[in-house]
Amino acid sequence: MWSIGDNGAPVVVEAYYEKLFEMWRAGAVAKGHTGAAYALHEAVKVLRERVCEKDFASWAPFVQFGV
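Using my numbering, the first residue of the sequence shown is number 2, and each one after it goes up by one.
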């Protein structure tokens, strides 16, 4: 596990739950799935937009691999 910065973590957490709840309210999460991976992907995109995509160390600790 990588350490995370104090500035990036709140951005990711807020964006993650906003997207997750948005998907749940819209009924966009398939039965048997949580939508967590997609919400995390969207949250990392928000962080990358805010801190500059080239600042790899700020957003890389939040990436997810696998299914």
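Cβ atoms here follow ideal geometry from the backbone N, Cα and C, with glycine treated the same way.
(Q) Nearest by alpha-carbon distance to S59: which of L21, F66, L48, A38 is it? (A) L48
(Q) For the structure I just gave you, are there three or more beta carbon pairs, one from the region 23-32 and one from the region 7-15, closer than 8 Å? (A) no
Q.
Checking 9 Å against the spacing of the C-beta atoms, do W3 and P62 come in under that value?
A. yes
Q: Quick one: give me the first and last residue of the alpha helix (DSSP H) that P11 is part of.
A: 9-27
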